[in-house]
Amino acid sequence: MKKIILATGNRHKVSEIKALLKGLPLKILTLEDYPGAVMPEEDRPTFSGNAVKKAEAVARATGEMALADDSGLEVDFLDGRPGVLSARYAGEDQDHEANNCLLLKELLNVPQKERTASFRCAIAVAVPGDQTYLVEESCTGSILQSRRGEGGFGYDPLFYYEPAGATFAEMPAEEKNMVSHRGKALRRTRELLERLLT
Ligand code: IMP
-1 MKKIILATGN
9 RHKVSEIKAL
19 LKGLPLKILT
29 LEDYPGAVMP
39 EEDRPTFSGN
49 AVKKAEAVAR
59 ATGEMALADD
69 SGLEVDFLDG
79 RPGVLSARYA
89 GEDQDHEANN
99 CLLLKELLNV
109 PQKERTASFR
119 CAIAVAVPGD
129 QTYLVEESCT
139 GSILQSRRGE
149 GGFGYDPLFY
159 YEPAGATFAE
169 MPAEEKNMVS
179 HRGKALRRTR
189 ELLERLLT
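Written out as structure tokens, the structure reads:
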């Protein structure tokens, strides 16, 4: 059976990706199975650049097919910030709460109609001896003036998704997955892998 290495150190992502790839004729391994393979720094200016860099580095180090993703939030009023720095927006050692506080501060007094934003996700699959395939998806909404909802993670309590009339933090996980940047990108990645495996 072919192998695919998930190029992420995030356990939550590993289980999410494994669930979405379930049933494919693929042995899914992680970096824990390859202690020698080190993840490169996420220093590219785009989500796709970071995803490709990580997938290719892990494919090179292991000799196997590798999958990596990168995602984040782009706020139009902030010219696309926090963008690729979404996880570290308020600083390297800060948490989601600090990131949300900074976002609210930067958008203070900005009217609701100018608070449009998109979550973006890029997933790269590097195939040794072949090429690197890229899938990109997004989900558009707007940033509220205060948090709503208890679910999700990151910027979810501030991200209002108009068609649902709710923030991502107010939507059940399955509902968010149906429309989210990452849910859509992972489903397309599954289709891509199905094609590559036949
Ligand atoms: P990562 O590159 O996928 O680890 O995501 C980087 C950062 O983007 C996360 O730490 C979050 O701050 C933000 N982010 C990405 N996807 C989501 C989401 O679905 N909801 C909320 N925040 C997200």
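Here the numbering used here is used: the first residue of the sequence shown is -1, the next is one more, and so on. We treat Cβ as the ideally placed atom computed from N, Cα and C, and that holds for glycine.
Under three-state DSSP, which class holds residue i?
i, result
"T44", "coil"
"T28", "strand"
"L184", "helix"
"S144", "coil"
"L18", "helix"
"A35", "coil"
"A5", "coil"
"M176", "helix"
On the criterion of 16 or more Cβ atoms from any shown chain inside 10 Å, does residue i qualify as buried, or is it exposed?
i, result
"E168", "buried"
"A96", "exposed"
"F166", "buried"
"E72", "buried"
"N8", "exposed"
"L191", "buried"
"H179", "buried"
"P200", "A query on residue 200 cannot be resolved here, the shown segment of the chain reaching from -1 to 196 and no further."
Using CA atoms only, rank isn't needed, just tell me which of the options is closest to residue i.
i, options, result
"T6", "E160, L83, E95, A35", "A35"
"K0", "R113, A85, M176, M63", "M63"
"D67", "E135, A171, E173", "E135"
"L101", "V125, L142, F166, H179", "L142"
"P126", "L194, C99, K16, F45", "L194"
"V56", "G78, A85, A122", "A122"
"T60", "L27, R9, D77, G78", "L27"
"P33", "I15, A17, I3", "I3"
"E189", "M37, V108, E173, Y131", "Y131"
"L19", "L65, G147, G70, A171", "L65"
"T114", "L83, D41, F157", "F157"
"E173", "N107, G149, G78", "G149"
"R185", "A120, G147, S140, S144", "A120"
"R145", "F151, P155, G139, E39", "P155"
"Q110", "F75, G89, L83", "F75"
"V133", "D41, L22, H94, A49", "A49"
"A162", "A53, R86, C137, P43", "C137"
"A88", "K103, D77, G78", "K103"
"G81", "S116, D93, E112, N98", "S116"
Looking at the strands, I want to know which residues DSSP matches up with residue i.
i, result
"Y153", "DSSP lists no partner for Y153."
"K51", "In DSSP, K51 forms no bridge with anything."
"A164", "Y159"
"K0", "L24"
Runs of alpha helix (DSSP H) lying entirely within the segment 56 to 138, each at least 4 residues, in chain order: 94 to 104
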